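These notes are about the structure you will find just below.
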Amino acid sequence: MSKIIGIDLGTTNSAVAIMEGDKVRVIENSEGARTTPSIVAYMDNGEILCGATAKRQAITNPKNTLFAVKRLIGRRYEDAEVQKDVSHVPFKIVRADNGDAWVQVQEGKKLAPQQVSAEVLRKMKKTAEDYLGEPVTEAVITVPAYFNDSQ
Numbered sequence: 037m038s039k040i041i042g043i044d045l046g047t048t049n050s051a052v053a054i055m056e057g058d059k060v061r062v063i064e065n066s067e068g069a070r071t072t073p074s075i076v077a078y079m080d081n082g083e084i085l086c087g088a089t090a091k092r093q094a095i096t097n098p099k100n101t102l103f104a105v106k107r108l109i110g111r112r113y114e115d116a117e118v119q120k121d122v123s124h125v126p127f128k129i130v131r132a133d134n135g136d137a138w139v140q141v142q143e144g145k146k147l148a149p150q151q152v153s154a155e156v157l158r159k160m161k162k163t164a165e166d167y168l169g170e171p172v173t174e175a176v177i178t179v180p181a182y183f184n185d186s187q
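Written as C-alpha cells, this is what we have:
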C-alpha cells in the first residue's frame, strides 16, 4: 500500500511530509531544503519551473514568474484585496470571463490560480515520490482556516 502524503500548500513556501512509524517526517526537496518556494515560472520555450529554480530566474522573467497566487483562489477580480495585489505584483492579474481573478503569462495565456497552485502540488508530489521510490496516489492538503467555501 502506498503512503499517504501531507502537503502544506503555502502562500510563500510549501512542504510535504509523511508518517514514518509514529513520527512525521518533512521531506527535503531536490535542493536539500524542507520547504519549497510556492513560485511558478512559465518560460518562453514552454518549460514550467517550480520552486527554487523559478525563484532564481524571477529577476530576468518577472512578468511570467508567479508567486502568492494562492491569495487569488476563489476571489473575484473586483475584490479589494485583489485590486491591491494588482498594483503590487510584476505579473498581470486579469478578470476571467466569469469574473474571477486569474493571472496572465506569456502575452495572453490566462491561467486560473488553481492551475498555478497545481504546479506547486505536482512538485510536492514529485518530491515525495523521489524520497519514497514509489508513486503517490493519495494526499491531504492543508488550507487556511479563513478560506471560505468557494476558495
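Residue numbers (the working numbering): 37 to 187. We treat Cβ as the ideally placed atom computed from N, Cα and C, and that holds for glycine. In this text, all values refer to a predicted model and were calculated from it rather than measured experimentally.
Query	Result
Span of the beta strand (DSSP E), counted from its first residue to its last, around residue 101	101-103
Per-residue burial, residue 164 [other beta carbons within 10 Å of its own, 16 or more giving buried]	buried
Boundaries of the alpha helix (DSSP H) in which residue 147 is found, first to last residue	Unbroken run through residue 147 is the beta strand (DSSP E), 145-147; no alpha helix (DSSP H).
Residue of 127, 132, 97, 123 minimising C-alpha distance to residue 110	132
Residue 84 beta carbon less than 7 Å from that of residue 160	no
Opening and closing residue of the alpha helix (DSSP H) in which residue 117 lies	116-122
Of the listed residues 157, 182, 76, 69, nearest to residue 94 (C-alpha basis)	76
Any chain B beta carbon closer than 7 Å to residue 86	No chain B appears in the structure shown, which is made up of a single protein chain.
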